[in-house]
Amino acid sequence: MIGDTHSGILLNLMFTIADKVLIAFLAILTIFSYSMASGGRQGVEIWIEADGKQAGTYLLRKDNLIDVKGVLGTSKINVRGGKASFFSSPCRNKVCIHQGEISKNGQMAACLPNRVVVRVLGGDGDYDAVTR
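Residue 72 is where the sequence shown starts when you use my numbering, and the numbers rise one by one after that.
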């Protein structure tokens, strides 16, 4: 009796061929999407927008800590080693900080609650935009 119960549970956990094909397809699609997003060419500068207005343009090759006034307060953008990222922001969840670094032409990082957007420009990239 106990062996029959375990066999029934195992049968319910087995995948059909269609399930395996779907899982393989989704895995390949994920890997392809990641490779496309991480492609592109090194950007030259970042363009920063705060509350719909341009807040400045800065070279990626020059290390800098930039204060940007948004609707909630000041976000700090760190430019170091040819990459830019949110260093700090007054938003509650800090999603912008966890987005990581951007450096390829077309990549963007944003703090939506504070309405601050950072976009990488230059370098003749392959994409119009890539988000994280």
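All C-beta atoms in this analysis are idealised placements derived from N, C-alpha and C, irrespective of residue type, glycine included.
- Phe96 counts as exposed, since fewer than 16 other C-beta atoms from the protein chains shown sit within 10 angstroms of its C-beta.
- For Cys167, the enclosing alpha helix (DSSP H) begins and ends at Val166 to His169.
- The beta carbon of Lys154 sits closer than 8 Å to the beta carbons of Leu131, Glu172, Ile173 and Ser174 from its chain, once the five residues preceding and following it are set aside; these are given in chain order.
- Rounded to the nearest whole angstrom, the C-alpha separation of Ser146 and Gly193 is 23 Å.
- Cβ neighbours of Lys140 within its own chain (closer than 7 Å, five residues either side excluded): Ala121.
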